[in-house]
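Down below is the structure, laid out as structure tokens.
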Amino acid sequence: MAALVESIYKGITYRGAEGQWAWILHRASGLGIALFLYMHIVSIFVAAIGPGPYAWVHATLYTSPPAKVLEVFLLFGVLYHAANGMRIIIIDFFPTLGKYQRTIVRIELVLVAVVLVPAAIITLHSLF
Amino acid sequence: MTVTTGRAARVKTRYGAPNHEGRIWLFMRLSGLVMFVTVVFHLLYMHMVVRVENITFENIDARWSGPAGLFWRLFDASLLFIGMAHGMNGVRFSINDYVHNRFLNLMLTGIVYGIGGLLILAGSLAIIFGVGGLGRLIGMG
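Top to bottom, those sequences are chains A and B.
Counting in my numbering, the first sequence runs without a single skipped number right up to 128 at its last residue.
Counting in my numbering, the second sequence runs without a single skipped number right up to 1141 at its last residue.
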């Protein structure tokens, strides 16, 4: 617990720039996706039980207005985790590219935004 | 001489020699590469092409029981197994980073892996028996 508090404090105050924020976002999005994955598997298991129980899950956990807002976080989380994971793989296997890692973080954020913005508009369209 | 055992063991350790954590490191990269294609496809296909509003009971049944049903079930099984293995490992990394009490660490990791194991079982049963399949098997739903 003390380690967690210290880690959060250092995470905010340590001036590690792009690499540090990329790491924090990677961890946060990874834990978020794992949490969603738990819910996602349970929902498919409910569908295996029958159409009645699944209809409730579909209406509440997937298509309700709060769920549509959380869906945008999921889209960002998965797209970012995928893009940043590719950066990690590229730098791990081609260490000489490590000197460009800050540039790669910026490129990856632009790529995520290019996919995320239209996806978020399509997702939230039904709310307005 | 027995006193040199520790030193001898250290000398024998080759830099870059494969070990358990090294293989896990490689697994995280390889599974990440695979899921860069499969999970991003799954996400964009389900959310942008199929649309979440249309992922109804009938829609899942049509995909899993249709002409390409075996493909979709194997595809979804790959998401389940690779995703859960990669995800559980990531949670374990996080626990190891923050929880340094050995007992608490073991407890938390055990809980995460226990729930993970049950979910892999639940997901596998759903994929094998299909939507509504478990309900028919136990006589409900």
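Ideal placement from N, C-alpha and C gives every residue a C-beta, glycine not left out.
ask   = Rounded to a whole number of angstroms, what is the C-alpha to C-alpha distance between B/Gly1022 and B/Ser1031?
value = Position 22 of the second sequence holds residue 1022 of chain B. Position 31 of the second sequence holds residue 1031 of chain B. Spanning the two alpha carbons is a distance of roughly 14 Å.
ask   = Quick one, which of B/Ala1085, B/Ile1138, B/Ile1055 and B/Met1035 has its alpha-carbon nearest B/Ile1115's?
value = Position 115 of the second sequence, counted from the start, is the residue given in the question as residue 1115 of chain B. The shortest Cα separation from B/Ile1115 among B/Ala1085, B/Ile1138, B/Ile1055 and B/Met1035 belongs to B/Ala1085.
key: Unbroken alpha helix (DSSP H) run spanning A/His81, endpoints   = Translated into positions along the first sequence, residue 81 of chain A becomes position 81. Counting along the chain, the alpha helix (DSSP H) containing A/His81 begins and ends at Pro65 to Phe93.
query = Going along chain B, which residues have a C-beta under 9 Å from A/Ser7?
reply = For the purposes of this step, residue 7 of chain A is identified with residue 7 of the first sequence, where counting begins at 1. Those are Asp1097 and Tyr1098, listed as they occur along chain B.
Residue environment, B/Met1028, which counts as buried when at least 16 other CB atoms sit within 10 Å = Taking the second sequence and counting its residues from 1, the one referred to as residue 1028 of chain B is at position 28. Buried, because 16 or more other Cβ atoms sit within 10 Å of the Cβ of B/Met1028.
message = Whole angstroms are fine: how far does the CA of A/Val46 sit from the CA of A/Asn84?
response = For the purposes of this step, residue 84 of chain A is identified with residue 84 of the first sequence, where counting begins at 1. For the purposes of this step, residue 46 of chain A is identified with residue 46 of the first sequence, where counting begins at 1. Using only the alpha carbons, I get a separation of about 33 Å.
ask   = Do you know how far the Cα of A/Thr123 is from the Cα of B/His1047?
value = Within the second sequence, residue 1047 of chain B is the residue found at index 47, counting from 1. Within the first sequence, residue 123 of chain A is the residue found at index 123, counting from 1. Their backbone Cα atoms lie some 8 Å apart in a straight line.
query = Do the stretch 1034-1049 of chain B and the stretch 1100-1108 of chain B make contact, defined as three or more Cβ pairs closer than 8 Å?
reply = Cβ pair count under 8 Å is below three, so no.
query = Smallest Cα separation from B/Ile1128: which of B/Val1099, B/Asn1089, B/Val1034 and B/Phe1075?
reply = Here residue 1128 of chain B refers to the residue found at position 128 when the second sequence is read from its first residue. With distances taken between Cα atoms, B/Ile1128 lies closest to B/Phe1075.
request  = Below 8 Å on the Cβ atoms is my guess for A/Ile89 versus B/Leu1033; work out the distance and round it to an integer in Å.
outcome  = As a working note, residue 89 of chain A is residue 89 in the first sequence. As a working note, residue 1033 of chain B is residue 33 in the second sequence. B/Leu1033 and A/Ile89 do touch by the CB rule: their CB atoms are close to 6 Å apart, below 8 Å.
key: Chain-ordered chain A contacts of B/Ser1094 [CB-CB under 7 Å]   = Taking the first residue of the second sequence as position 1, residue 1094 of chain B is located at position 94. Here the neighbours are Arg27 and Leu31.
task = Taking only beta-carbon positions, decide if A/Tyr80 is within less than 8 Å of chain B.
result = By one-based count along the first sequence, residue 80 of chain A stands at place 80. Taking Cβ atoms only, chain B never reaches closer than 8 Å to A/Tyr80, which makes this a no.
ask   = At a CB-CB cut-off below 8 Å, which residues of chain C make contact with A/His58?
value = Among the protein chains in the structure shown, which are A and B, there is no chain C.
message = For a test of the three-state rule: what should DSSP assign to A/Arg15, helix, strand or coil?
response = By one-based count along the first sequence, residue 15 of chain A stands at place 15. Residue state, collapsed to three classes: coil.
Endpoints, the alpha helix (DSSP H) within which B/Glu1053 is located = Taking the second sequence and counting its residues from 1, the one referred to as residue 1053 of chain B is at position 53. B/Glu1053 -> no alpha helix (DSSP H), and no H or E assigned at all.
message = Between B/Gly1123 and chain A, is any beta-carbon pair separated by less than 8 Å?
response = To locate residue 1123 of chain B, count along the second sequence from 1; it is residue 123. At least one chain A Cβ lies under 8 Å of B/Gly1123.
Buried or exposed (CB count within 10 angstroms, at least 16 for buried), A/Leu22 = The residue labelled residue 22 of chain A in the question sits at position 22 within the first sequence. A quick correction: the sequence has Ala, not Leu, at residue 22 of chain A. Under a 10 Å Cβ-count criterion, A/Ala22 is classified as buried, with 16 or more other Cβ atoms of the shown protein chains found around its own Cβ.
query = Excluding the five sequence neighbours on either side, which residues of its own chain have a C-beta within less than 7 Å of the C-beta of B/Thr1004, listed in chain order?
reply = As a first step, residue 1004 of chain B must be located in the second sequence, where it is residue number 4. The predicted model places B/Thr1004 with a pLDDT of 48, which falls under 50 and marks its position as unreliable; any figure quoted below should be read in that light. Within the same chain, B/Thr1004 has no close Cβ partners at all.
request  = Starting from B/Phe1081, find everything on chain A with Cβ-Cβ shorter than 7 Å and list it in chain order.
outcome  = As a working mapping, residue 1081 of chain B is identified with position 81 in the second sequence. Chain-ordered listing is empty here: chain A has no CB closer than 7 Å to the CB of B/Phe1081, the nearest sitting near 11 Å.
inquiry  = Taking the beta carbon of B/Phe1071 as the centre, do at least 16 other beta carbons fall within 10 Å, making it buried, or is it exposed?
reply    = In the second sequence, the residue the question calls residue 1071 of chain B occupies position 71. Sixteen is the threshold: since fewer than 16 other Cβ atoms of the shown chains lie within 10 Å of the Cβ of B/Phe1071, the residue is exposed.
ask   = Would DSSP call B/His1100 helix, strand or coil?
value = To locate residue 1100 of chain B, count along the second sequence from 1; it is residue 100. It is coil, neither helix nor strand.
task = Have a look at B/Val1049, B/Tyr1098, B/Asn1059 and B/Leu1080 and flag the residue whose alpha-carbon is nearest the alpha-carbon of A/Ala2.
result = In the first sequence, residue 2 of chain A corresponds to position 2, counting from 1. It is B/Tyr1098.
B/Gly1087 versus A/Ala34: straight-line alpha-carbon distance, rounded = Position 87 of the second sequence, counted from the start, is the residue given in the question as residue 1087 of chain B. Position 34 of the first sequence, counted from the start, is the residue given in the question as residue 34 of chain A. Their backbone Cα atoms lie some 6 Å apart in a straight line.
query = Excluding the five sequence neighbours on either side, which residues of its own chain have a C-beta within less than 7 Å of the C-beta of B/Gly1123, listed in chain order?
reply = For the purposes of this step, residue 1123 of chain B is taken as residue 123 along the second sequence, with counting starting at 1. Answer for B/Gly1123: Leu1080, listed in chain order.
inquiry  = Spatial neighbours of A/Ala67 within its chain, please: C-beta separation below 7 Å, excluding the five flanking residues on both sides.
reply    = Translated into the one-based positions of the first sequence, residue 67 of chain A becomes position 67. For A/Ala67, where only same-chain residues beyond five positions count, the Cβ hits under 7 Å are Leu61.
Within chain B, the residues that A/Tyr38 reaches when beta carbons sit closer than 8 Å = Your numbering for residue 38 of chain A matches position 38 in the first sequence. Going along chain B in sequence order, the residues near A/Tyr38 (Cβ under 8 Å) are Ile1115 and Leu1119.
inquiry  = Is A/Glu18 close to chain B? Criterion is C-beta to C-beta, closer than 8 Å.
reply    = Position 18 of the first sequence holds residue 18 of chain A. No, no contact with chain B.
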